[in-house]
Amino acid sequence: MGQYTVSTRKNVRILLVGDAGVGKTSLILSLVSEEYPEEVPPRAEEITIPANVTPEQVPTSIVDFSSVEQTEETLGLEINKAHVVCIVYSVDDDDSLDRITSHWLPLIRSKCNATLEGDAETEAETEAAGEGLRKPIVLVGNKIDLIDYSTMDSVLAIMEDFPEIESCVECSAKTLHNISEMFYYAQKAVLHPTSPLYIMEDQELTPACKKSLVRIFKICDTDGDNLLNDYELNLFQRRCFNTPLQPQILDEVKAVIQKNVPDGIYNDAVTLKGFLFLHCLFIQRGRNETTWAVLRRFGYNDQLEMCQEYLRPPLKIPPGSSTELSHRGQKFLISVFERYDRDCDGALSPEEHKMLFSVCPSSPWSYSTDIRKSCPINDKGWVTLHGWLCRWTLMTLIDVVKTMEYLAYLGFNVHENDSLLAAIHVTRERRIDLAKRQSSRSVYKCHVIGPNGSGKTGLCRGFLVDEMQKLIGKEFKTNVVHCINSVQVYGQEKHLILRDIDVRHALDPLQPQEVNCDVACLVYDSSNPRSFEYVARIYIKYYAESKIPVMIVGTKCDMDERRQDYLMQPAEFCAKYKLLPPHLFSLRTNKKELYTKLATMAAFPQFQDAWILFYKHRLVQLWESAHLRHFGLLTEDSKLLWKAGLGLAAATMLGFIVLKTLSAAGSHSR
Ligand SMILES: Nc1nc2c(ncn2[C@@H]2O[C@H](COP(=O)(O)OP(=O)(O)OP(=O)(O)O)[C@@H](O)[C@H]2O)c(=O)[nH]1
Ligand SMILES: Nc1nc2c(ncn2[C@@H]2O[C@H](COP(=O)(O)OP(=O)(O)OP(=O)(O)O)[C@@H](O)[C@H]2O)c(=O)[nH]1
Ligand SMILES: [Ca+2]
Ligand SMILES: [Ca+2]
Numbered sequence: 001m002g003q004y005t006v007s008t009r010k011n012v013r014i015l016l017v018g019d020a021g022v023g024k025t026s027l028i029l030s031l032v033s034e035e036y037p038e039e040v041p042p043r044a045e046e047i048t049i050p051a052n053v054t055p056e057q058v059p060t061s062i063v064d065f066s067s068v069e070q071t072e073e074t075l076g077l078e079i080n081k082a083h084v085v086c087i088v089y090s091v092d093d094d095d096s097l098d099r100i101t102s103h104w105l106p107l108i109r110s111k112c113n114a115t116l117e118g119d120a121e122t123e124a125e126t127e128a129a130g131e132g133l134r135k136p137i138v139l140v141g142n143k144i145d146l147i148d149y150s151t152m153d154s155v156l157a158i159m160e161d162f163p164e165i166e167s168c169v170e171c172s173a174k175t176l177h178n179i180s181e182m183f184y185y186a187q188k189a190v191l192h193p194t195s196p197l198y199i200m201e202d203q204e205l206t207p208a209c210k211k212s213l214v215r216i217f218k219i220c221d222t223d224g225d226n227l228l229n230d231y232e233l234n235l236f237q238r239r240c241f242n243t244p245l246q247p248q249i250l251d252e253v254k255a256v257i258q259k260n261v262p263d264g265i266y267n268d269a270v271t272l273k274g275f276l277f278l279h280c281l282f283i284q285r286g287r288n289e290t291t292w293a294v295l296r297r298f299g300y301n302d303q304l305e306m307c308q309e310y311l312r313p314p315l316k317i318p319p320g321s322s323t324e325l326s327h328r329g330q331k332f333l334i335s336v337f338e339r340y341d342r343d344c345d346g347a348l349s350p351e352e353h354k355m356l357f358s359v360c361p362s363s364p365w366s367y368s369t370d371i372r373k374s375c376p377i378n379d380k381g382w383v384t385l386h387g388w389l390c391r392w393t394l395m396t397l398i399d400v401v402k403t404m405e406y407l408a409y410l411g412f413n414v415h416e417n418d419s420l421l422a423a424i425h426v427t428r429e430r431r432i433d434l435a436k437r438q439s440s441r442s443v444y445k446c447h448v449i450g451p452n453g454s455g456k457t458g459l460c461r462g463f464l465v466d467e468m469q470k471l472i473g474k475e476f477k478t479n480v481v482h483c484i485n486s487v488q489v490y491g492q493e494k495h496l497i498l499r500d501i502d503v504r505h506a507l508d509p510l511q512p513q514e515v516n517c518d519v520a521c522l523v524y525d526s527s528n529p530r531s532f533e534y535v536a537r538i539y540i541k542y543y544a545e546s547k548i549p550v551m552i553v554g555t556k557c558d559m560d561e562r563r564q565d566y567l568m569q570p571a572e573f574c575a576k577y578k579l580l581p582p583h584l585f586s587l588r589t590n591k592k593e594l595y596t597k598l599a600t601m602a603a604f605p606q607f608q609d610a611w612i613l614f615y616k617h618r619l620v621q622l623w624e625s626a627h628l629r630h631f632g633l634l635t636e637d638s639k640l641l642w643k644a645g646l647g648l649a650a651a652t653m654l655g656f657i658v659l660k661t662l663s664a665a666g667s668h669s670r
């Protein structure tokens, strides 16, 4: 940690300009030798001060300019190479002061503009550094030993007209007065510039700075009462500066705020207004580095944008591995959820959801058309904690970069005091899973493929709701692609993502990313004789040769089962390709065992015994239900007789095929 609290700049280059004889060369040599040189050459050699002796721990080059030795063209190049320019004048020479506005400032502005058409290298550098057109300037009044008054009044007037002037200082090369300060200000103008934070003319924070500080305030307000109490301020202080806040200093800070902005303190805690005022005060007192340290800790770069390395740290994902939320990632997301579940009803209302993401540039998903439709919700239609974690699990698997970005926006780095990488778990490669015949993952992707109208969307949404039968006949207006929930696989919680693969025309080819998944669920409508052919074709074309486990599902089994117009019936087809027999599914029966079965197949790839175990279980159930129905016949209404009889026949036939497949699968796995 701490790596983001300093500027990202690796070095600082300071250029000194000014009229002849103002003492530029003397200033540099005084700094280096710590004594005043009586005799100086026209121009000092470029020197680099090593990082460890500079106050900001950044190697700093100091470059002299001499109009005797150098042309104006070289000057232009040097101005562009420099990160900050010190314009030196002599305090006893008014002409040298006037020339700041009449010559030097306009010259520097024009040289900076010229770079845009200048040579490509410098241009790229300027752009990479993200610098605006204005080079930061420090005004240096030298030879203060010669006069007994100050030139500061005239200088402050210039500062008002030229916002690029970061600071000004009066010093003397002769007495060494303010010499190291002068170079420190120059360094600071580069590392902790004022202009992105503060508008001198208006004495106000810039809009970008205010926006960033508002976000920081919200993240630090962990109990969500729009106030920073002592506990929250302390946490903030520790995270930003690695030291606790002394109670006495805390009281002093609060007293200063109270004195200047009465509504900056409420109930002995700091309001947003007070927080912003405090930063204004830091800057006005020349303590920009304090505000910068806070901003950088929360991920901002020199342009007050969240920096790429902070939002997207490099994460290595070997082919065949997948990404899941780590325990810490989950823990953090639970705490965020609980913070914004203001009424503590265990769910996020649309309003609470919106508030939660107000510290992000936008919400990562829509409330009404995405998260509500792809995750478990409560009876009001609001996102539960379980649904919330499901949605993040989904995003982490399919777009881990976005997960990291949003965790950063929500303040993971600061609250957890760690890199975003701590929130992510990269699973071991799938080939190792296959070799060990067991998967260490806990999130699986299942593709649901089938002809139009076969009931794919119903099957996917059924995973999320308690009463699946309510989905029958429902028109699915919003087009969500993924549905995610968790199931128990041999006592362990696994997340299963169902992806609804929308194929418009029967002959449209599937893309590789539509084929590849942990388990494929091929769906046909058992009540439609023209439905299975599509599934058979997809299987043969894409899955027969692959290692992806496949389950054939006959949907709408509450309706009359129809013989399929295909050269084999689904059960024969499955037996031929050593697949589990078709799973008959219906929203009406409200049975969820299909989802567990799919997750089990994904968790134990190529491990048919495990599926069979599952299937044996089902076989027993089938037998039992057949017997029960048989007994039930005796007492039930005779009108139901023929229907129940048919069911019994179907069950017995299924049983036969199950046995056949069992032996086939058994010999296969040996
Ligand atoms: N009294 C006094 N004289 C100074 C001070 N700094 C520089 N001088 C004198 O001012 C004269 C010019 O100093 P330089 O360091 O050569 O000035 P410069 O800006 O490099 O001048 P050019 O190289 O001609 O552009 C020298 O005689 C210095 O001794 C100072 O702080 N106080
Ligand atoms: N009786 C009955 N009807 C069902 C069942 N499942 C789905 N349906 C109905 O079948 C129709 C199609 O269902 P969808 O889930 O939209 O099918 P789909 O495969 O997603 O359709 P497309 O997206 O158009 O390809 C709807 O009218 C559903 O109400 C079921 O289990 N039983
Ligand atoms: Ca000189
Ligand atoms: Ca609070």
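Heads up: the sequence shown runs through residues 1 to 670, numbered per the UniProt record's numbering.
All C-beta atoms, glycine included, are put in the ideal place defined by N, C-alpha and C.
If you're wondering where the values come from, they're calculated on a predicted model, not measured in any experiment.
Return yes when the Cβ of residue j is within less than 8 angstroms of the Cβ of residue i, no when it is not.
| i | j | result |
| --- | --- | --- |
| Glu561 | Ser527 | yes |
| Trp382 | Leu407 | no |
| Ser150 | Glu181 | no |
| Leu228 | Phe236 | yes |
| Pro207 | Ser439 | no |
| Asp302 | Pro196 | yes |
| His177 | Ile144 | yes |
| Ser96 | Ser90 | yes |
| Glu160 | Ala189 | no |
| Leu315 | Ile424 | yes |
| Lys135 | Cys112 | yes |
What residue range is occupied by the uninterrupted alpha helix (DSSP H) comprising residue i?
| i | result |
| --- | --- |
| Gln248 | Pro247 to Asn260 |
| Ser61 | No alpha helix (DSSP H) holds Ser61; the beta strand (DSSP E) holding it covers Thr60 to Val63. |
| Met159 | Met152 to Asp161 |
| Asn288 | Asn288 to Arg297 |
| Tyr409 | Val400 to Tyr409 |
Do you know how far the Cα of residue j is from the Cα of residue i?
| i | j | result |
| --- | --- | --- |
| Val405 | Thr427 | Here the sequence assigns Glu to residue 405, which means Val is not the residue at that position. Their backbone Cα atoms lie some 20 angstroms apart in a straight line. |
| residue 679 | Ile334 | In this structure the chain extends from 1 to 670, so residue 679 is not present and cannot be described. |
| Val17 | Val85 | 7 angstroms |
| Arg629 | Gly462 | Per-residue confidence for Arg629 stands at a pLDDT of 39, beneath the threshold of 50, marking its modelled position as unreliable; the derived number appears in the next sentence. The straight-line gap from Cα to Cα measures roughly 27 angstroms. |
| Asp565 | Tyr595 | 28 angstroms |
| Leu410 | Thr457 | 33 angstroms |
| Thr194 | Gly21 | 30 angstroms |
| Val519 | Trp365 | 26 angstroms |
| Thr122 | Phe65 | Reliability of the predicted coordinates at Thr122 is poor, the pLDDT of 45 falling under 50, and the value obtained from them is presented with this limitation in mind. Cα to Cα, the separation comes out at about 19 angstroms. |
| Lys547 | Leu507 | 23 angstroms |
| Asp109 | Trp292 | Note on identity: in this sequence residue 109 is Arg, with Asp being the wrong assignment. Cα to Cα, Arg109 sits roughly 26 angstroms from Trp292. |
| Gly224 | Asn11 | 40 angstroms |
| Thr271 | Lys211 | 15 angstroms |
| Leu584 | Tyr524 | 10 angstroms |
| Pro318 | Leu420 | 18 angstroms |
| Leu434 | Ser486 | 22 angstroms |
| Thr48 | Met306 | 31 angstroms |
| Leu40 | Ile28 | For the record, residue 40 in the displayed sequence is Val; it is not Leu. If you take the alpha carbons of Val40 and Ile28, they lie about 10 angstroms apart. |
| Ser669 | Tyr490 | Below a pLDDT of 50, predicted positions are generally treated as unreliable, and Ser669, at 36, falls in that range; no measurement from the model is reported. |
| Leu304 | Lys81 | 23 angstroms |
| Asp345 | Phe217 | 25 angstroms |
| Asn413 | Phe332 | 10 angstroms |
| Lys259 | Asp418 | 37 angstroms |
If you follow the beta strand (DSSP E) that residue i is part of, which residue opens it and which one closes it?
| i | result |
| --- | --- |
| Leu356 | Here Leu356 belongs to no beta strand (DSSP E); instead the alpha helix (DSSP H) covers Pro350 to Leu356. |
| Cys483 | His482 to Val489 |
| Ala520 | Val519 to Asp525 |
| Lys494 | Gln492 to Asp500 |
| Cys446 | Val443 to Ile449 |
| Arg13 | Val12 to Gly18 |
| Ile424 | Ile424 to Val426 |
| Thr48 | Ile47 to Ile49 |
| Asn142 | Ile137 to Asn142 |
State the CB to CB distance for the pair residue i and residue j, rounded to an integer number of angstroms; the pair is presumed to be in contact (CB under 8 angstroms).
| i | j | result |
| --- | --- | --- |
| Ala186 | Ile14 | 5 angstroms |
| Ala536 | Phe573 | 6 angstroms |
| Val550 | Tyr539 | 6 angstroms |
| Ser322 | Arg441 | 6 angstroms |
Please output, in chain order, the residues near ligand 4 using a CB cut-off of less than 6 angstroms to any non-hydrogen atom of the ligand. That gives Asp221, Asp223, Asp225, Leu227, Leu228, Asn229 and Glu232.
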